[in-house]
Amino acid sequence: MNEKRYWTLLARKLSGEWTPEEEEEWTHLRRTYPHLRYSAETLEQLWGQPTPPRSAEAAAAWERHLERLREAGVPLEEPAPAPAVLPSPPARRRPLWLALPAAALLLGAWLWLRSAAAPVQTLSARHSEVSTRPGSRSRVLLPDSTVVWLNAGSRLTYTEGFGLTHRHTVLTGEAFFDVTHNAALPFTIQAGDVQIKVLGTAFNVKAYPGEATETSLLRGQVQLTLGQRPGENYRLRPNEKLVVRAAADTATGGPLVELRSLEHTASEEVVETAWVDNKLVFRNEPLSVLAARMTRWYGVPVTVGDESLAGERVSGAFVNESLAQALTELQLIARFRLQPQAGGYLLLSLQNN
1 MNEKRYWTLL ARKLSGEWTP EEEEEWTHLR RTYPHLRYSA ETLEQLWGQP
51 TPPRSAEAAA AWERHLERLR EAGVPLEEPA PAPAVLPSPP ARRRPLWLAL
101 PAAALLLGAW LWLRSAAAPV QTLSARHSEV STRPGSRSRV LLPDSTVVWL
151 NAGSRLTYTE GFGLTHRHTV LTGEAFFDVT HNAALPFTIQ AGDVQIKVLG
201 TAFNVKAYPG EATETSLLRG QVQLTLGQRP GENYRLRPNE KLVVRAAADT
251 ATGGPLVELR SLEHTASEEV VETAWVDNKL VFRNEPLSVL AARMTRWYGV
301 PVTVGDESLA GERVSGAFVN ESLAQALTEL QLIARFRLQP QAGGYLLLSL
351 QNN
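Heads up: the sequence shown begins at 1 in full-length UniProt numbering, then just goes up one per residue.
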C-alpha cells in the first residue's frame with residue numbers, strides 16, 4: 001500500500017464508486033498516513049461545495065487549461081448529448097471540468113494543497129539543526145528526502161555528511177518521520193536514552209526532557225535499543241507503541257518499558273499523531289501532563305498548582321480553540337479555577353478558594 005492508493009481510493013469515494021472492501025481499506029490507510037488527513041478532508045469539503053458561477057475570464061482560463069491537457073495527451077470525458085425531455089425544475093449541474101477523471105482532479109488539487117500549505121523548510125547536508133518554539137510547529141525536508149514534522153518546543157540535529165555517509169539524527173521533543181527508504185544507509189534517531197533504527201517507514205517519536213519516551217509505529221519496521229539495556233533490542237510492528245518511562249517515574253515502581261497498541265479516536269484518527277493535523281488530542285491523561293502539553297502547544301505557561309488536581313485524568317481534543325477557550329472547555333470536565341500568573345495560568349482546586 002502507498003500514498004498513490006490513498007488518493008485513488010479517495011477519488012472513488014468522492015465519485016460514489018467504491019466498494020465496501022475499498023471503504024475498509026480506506027479506513028486502514030487513514031491510520032497509516034495521518035499526515036495526509038488534512039489534505040483529504042479539505043478536498044472532501046471542496047468537493048461538496050456548490051459550484052459558483054464562473055466569470056468569462058475564468059471560463060477562458062479554464063478552456064486554455066483544457067487545451068494544454070489535450071496537447072499533453074490527457075483524455076477528457078465530454079458530456080453525452082442530453083435527450084429531449086419535458087421541462088423540469090432547474091437542477092444544480094456540475095461544469096465540464098467535474099467530468100474529468102476524479103483521480104486526475106484529486107492529484108491536481110492535492111498538489112495545490114501541498115504548495116499552499118505552510119512552506120517546507122529544506123535543509124542542506126551542512127545544516128546541523130532545526131528547532132521549533134513553543135506554540136509553533138514546522139515541516140522539514142531533510143537532504144535524503146525524508147520529511148519530518150516537528151511539534152512545539154522540539155529540536156532535531158545531525159552532523160555534516162547526512163544523507164551521504166550517514167543518516168543519524170538526535171531528537172529532543174516530538175516529531176513525526178516519513179523516512180525515505182535506503183537499505184544501505186539506515187536512518188537512526190537518538191531520542192534521550194533510546195536509539196531507533198529504521199530503513200523506510202512512518203512513525204512518531206516523543207522524547208521531551210523529564211518525560212517518558214514514546215515511539216509509535218504506523219507502517220514499516222523500527223528497532224529500538226535502550227542505553228540502560230544495551231543487550232536488548234525491541235522491534236515494533238505497525239500500530240504498536242513502545243513507552244520508556246522517565247527515571248523519575250521508575251523510581252516510584254513499575255516497568256521501565258511497556259509495549260502498547262496505538263490509540264484511535266471515534267473517527268479512526270491515531271491519537272499519537274493527531275498533532276500533525278494541528279489537533280491536540282488527549283485520552284485519560286493526567287491534568288499535569290496535559291498542562292505541560294498545552295504549555296508547549298500554545299507557548300504560554302500552564303501549571304497545575306495542587307497535587308490533588310495534578311493526577312485527575314481527562315479526555316478530549318482541541319482543534320481550533322484559543323488557549324482561553326481550551327481552558328474554559330477543560331473546566332467543564334476537570335472542575336478547577338484559573339488564576340493568572342506570570343504571563344500564564346495556574347490551575348487550582350475548587351476546594352482552595
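Positions of the beta carbon are idealized from the N, C-alpha and C atoms, including for glycine.
- Contact between the stretch 224-240 and the stretch 184-200 is present: 3 or more CB-CB pairs across the two stretches fall below 8 Å.
- Per DSSP, E258 is one residue of the beta strand (DSSP E) stretching across V257 to S261.
- The criterion of a C-beta distance shorter than 8 Å is not satisfied by T172 and P230.
- DSSP lists Q190 and T225 as the beta-bridge partner residues of Q195.
- The beta carbon of V179 sits closer than 6 Å to the beta carbons of T146, F187, V198, G200 and T201 from its chain, once the five residues preceding and following it are set aside; these are given in chain order.
- Taking the Cβ atoms as the reference, L287 lies roughly 6 Å from L309, within the contact range of under 8 Å.
- For the pair V302 and E272, the Cα-to-Cα distance works out to about 21 Å.
- T295 carries a helical assignment under DSSP once its states are collapsed to helix, strand and coil.
- DSSP, read as helix, strand or coil, puts S288 in helix.
- Beyond the five residues adjoining it in sequence on each side, W297 comes within less than 6 Å, by CB distance, of A152 and L280 in the same chain, given in chain order.
- Taking a 10 Å sphere around the C-beta of R30, we find 16 or more other C-beta atoms and assign the residue as buried.
- Across the set R5, E17, P20 and T19, the C-alpha of R5 shows the shortest separation from the C-alpha of A40.
- Under the DSSP assignment, R5 falls in the alpha helix (DSSP H) whose first and last residues are E3 to L14.
- Excluding residues up to 5 positions away in sequence, L9 and R12 lie with their Cβ nearer than 7 Å to the Cβ of E22 in the same chain.
- Judged by beta-carbon spacing, S138 lies beyond the 8 Å limit of R155, meaning their Cβ atoms are not closer than that value.
- Shown here, H166 sits in a strand according to DSSP, grouped into three states.
- For V179, the three-state secondary structure derived from DSSP is coil.
- For S315, the enclosing beta strand (DSSP E) begins and ends at R313 to F318.
- Under the 10 Å beta carbon count, R167 is surrounded by 16 or more other beta carbons and is classified as buried.
- When DSSP states are grouped into helix, strand and coil, S267 belongs to the coil group.
- With a 10 Å radius around the Cβ and a threshold of 16 neighbouring Cβ atoms, I333 comes out exposed.
- Under the 10 Å beta carbon count, R335 is surrounded by fewer than 16 other beta carbons and is classified as exposed.
- Less than 8 Å separates the beta-carbon of Q339 from that of L348.
- Excluding its 5 nearest sequence neighbours in each direction, V319 has C-beta neighbours in its own chain below 6 Å: K279, listed in chain order.
- When rounded, the separation of the alpha-carbon atoms in D144 and V222 is 18 Å.
- Assignment of L142 by DSSP, reduced to helix, strand and coil, places it in the coil class.
- Assigned with DSSP and collapsed to three states, W275 falls in helix.
- Under the three-state reduction of DSSP, A207 is assigned to strand.
- In this chain, T328 is not harboured by any beta strand (DSSP E); it is covered by the alpha helix (DSSP H) spanning L323 to A334.
- By the Cβ neighbour-count rule, L141 is exposed, with fewer than 16 other Cβ atoms within 10 Å of its own.
- Here W18 has R12 as same chain residues with Cβ atoms under 6 Å from its own Cβ, once five neighbours each way along the sequence are excluded.
- Take G135, set aside five residues on each side of it, and the residues of its chain with a beta-carbon closer than 8 Å to its own are A152, R296, W297, Y298, G299 and V300, in chain order.
- For E25 and V205, the gap between their C-alpha atoms comes out near 26 Å.
- Here V314 really is in contact with E285; their C-beta atoms are around 6 Å apart, less than 8 Å.
- Closest by C-alpha distance to A183, out of R293, V170 and T165, is T165.
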